[in-house]
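Since the structure comes first, as structure tokens, the remarks are kept for the end.
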Amino acid sequence: MTRALPAAALFYAIALPPLVILGLFFVVPLCYLLFVSFMTNSGTSLFDLEPTIVNYTEIFTDSFYLLIIQRTLLSTAVVLTLCLLIGYPVAFYAARLTPRGRIIMLMVMMVPLMVSNVVRAYGWVAILGRRGVVSGALTGTGLIERPMQYLYSFEAVTLGLLTILLPFMIVSLTNSLTTIDKRYTEAAYSLGAGPCRAFLRVTLPLSSPGIASGLMLVTFLTLSAYVTIALLGGPRYKLLVSLVFDSVTTFRWPRAAALSFALLLIALIIAVVIQLAIRPQRVQGKG
460 MTRALPAAAL
470 FYAIALPPLV
480 ILGLFFVVPL
490 CYLLFVSFMT
500 NSGTSLFDLE
510 PTIVNYTEIF
520 TDSFYLLIIQ
530 RTLLSTAVVL
540 TLCLLIGYPV
550 AFYAARLTPR
560 GRIIMLMVMM
570 VPLMVSNVVR
580 AYGWVAILGR
590 RGVVSGALTG
600 TGLIERPMQY
610 LYSFEAVTLG
620 LLTILLPFMI
630 VSLTNSLTTI
640 DKRYTEAAYS
650 LGAGPCRAFL
660 RVTLPLSSPG
670 IASGLMLVTF
680 LTLSAYVTIA
690 LLGGPRYKLL
700 VSLVFDSVTT
710 FRWPRAAALS
720 FALLLIALII
730 AVVIQLAIRP
740 QRVQGKG
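In this note's numbering, the protein residues as written are 460 to 746.
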């Protein structure tokens, strides 16, 4: 009993400061945001102290907001799919390098992350703009007669998000693939499985934690990537995070708070779906 008291005291001494910080800087603001989301928009102040659910009912019933939610889900799904399809082969290759080679490869992929998202987005503006590299190359080769605009579209936003978020997926998958014991694959080969069957029955199931964590990380970053969407999507192509920014800048705080919680709800639902769909798997036998 006397030994348990110091251990318990040490535990609370270590855990209490992070809990206090988490409560002050996360839980309290989140509760305040929830409170504001049920208030009435005001034309003279930040909000009126008149409780209402209009902010939420409009988001989930108005055709405009439903279109934005649908576009947000589509954009997120496409970015997730492309990141996984491109990132998995790269991570699979990186996991089979020597430790030194793997570190060098991952460091090279991390270099673009040292550059601001604004700078990288403006780089795509210079490439995809009407007077940009792509349009100039196509015009110079005679494939098109006059310069064309490739910005402010679903494709431009997807390309920008893909180049920003792909390294996160690759790192997550690489960490998962490097922890898989090679003896599992060797055992599959010794039992007569070919490379494809060994991958589907052994490597892919055992890498599911990395797939799930990578998908969730990319989901959260995609849903909150305002700068890339604003610069490459323009004023006409808006996602849910764009509406949050617009509501804040026009001082409609209750609407912005409700949109933020709608965005949070979508992120949580996607995370739950990913977690349920991609659970850590065991190596399956023939039976």
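Where is the CB? At the ideal position from N, CA and C, for every residue including glycine.
Rounded straight-line distance, which links the Cα of residue j to that of residue i
i	j	result
tyrosine 643	arginine 656	13 Å
glycine 746	leucine 533	Confidence in glycine 746 is poor, its pLDDT being 41 and thus under 50, which makes the residue's placement unreliable; the coordinate value appears in the next sentence. Their Cα atoms are separated by approximately 38 Å.
phenylalanine 658	threonine 678	26 Å
leucine 620	threonine 681	7 Å
aspartate 705	leucine 663	42 Å
alanine 553	tyrosine 611	34 Å
asparagine 634	alanine 550	8 Å
tyrosine 515	glycine 692	26 Å
alanine 647	leucine 481	46 Å
phenylalanine 654	threonine 638	Rather than phenylalanine, the amino acid found at residue 654 in this sequence is proline. Rounded to whole angstroms, proline 654 to threonine 638 spans 19 Å at the Cα level.
isoleucine 527	leucine 539	18 Å
valine 537	leucine 544	11 Å
alanine 474	alanine 468	10 Å
phenylalanine 720	serine 649	52 Å
tyrosine 524	valine 570	37 Å
lysine 641	tyrosine 581	43 Å
isoleucine 725	glutamate 517	16 Å
tryptophan 712	valine 703	9 Å
Per-residue burial, residue i [other beta carbons within 10 Å of its own, 16 or more giving buried]
i	result
threonine 531	buried
tyrosine 491	exposed
leucine 626	Strictly speaking, residue 626 in this sequence is proline, with leucine absent from that position. Burial call: buried.
tyrosine 547	buried
phenylalanine 651	One detail in the question is off: residue 651 reads as glycine in this sequence, not phenylalanine. Classification of glycine 651: exposed, given that the 10 Å Cβ count is below 16.
leucine 485	Position check: residue 485 holds phenylalanine in this sequence, whereas leucine was assumed. Per the 10 Å Cβ criterion, exposed.
glycine 601	exposed
glycine 560	exposed
phenylalanine 506	buried
leucine 698	buried
alanine 466	exposed
threonine 433	This structure gives no information on residue 433, because the portion of the chain shown stretches from 460 to 746.
methionine 460	Confidence at methionine 460 is low in this model, with a pLDDT of 46, below 50, so the placement of that residue is unreliable and no value is reported for it.
Residue span of the alpha helix (DSSP H) that contains residue i, given as start and end
i	result
phenylalanine 710	Looking at the DSSP string, phenylalanine 710 is not in any alpha helix (DSSP H), and its letter there is neither H nor E.
threonine 600	Careful: threonine 600 lies outside any alpha helix (DSSP H) and carries neither H nor E.
alanine 615	613-637
glycine 692	685-692
proline 548	522-554
serine 496	487-496
methionine 401	Residue 401 is absent from the structure shown; the chain starts at 460 and stops at 746.
proline 510	No alpha helix (DSSP H) holds proline 510; DSSP gives it neither H nor E.
proline 654	654-657
asparagine 500	Where asparagine 500 is concerned, there is no enclosing alpha helix (DSSP H), given that its DSSP letter is neither H nor E.
tyrosine 696	No alpha helix (DSSP H) holds tyrosine 696; DSSP gives it neither H nor E.
leucine 680	667-682
tyrosine 643	641-649
message: Does the segment 596-607 come into contact with the segment 573-587, if we say contact requires no fewer than three beta-carbon pairs (one atom in each stretch) closer than 8 Å?
response: At 8 Å Cβ cutoff, the stretches do not touch.
query: Any contact of the segment 492-512 with the segment 709-727, i.e. 3+ C-beta pairs under 8 Å?
result: Taking one beta carbon from each stretch, the segment 492-512 and the segment 709-727 have 3 or more pairs nearer than 8 Å; the two touch.
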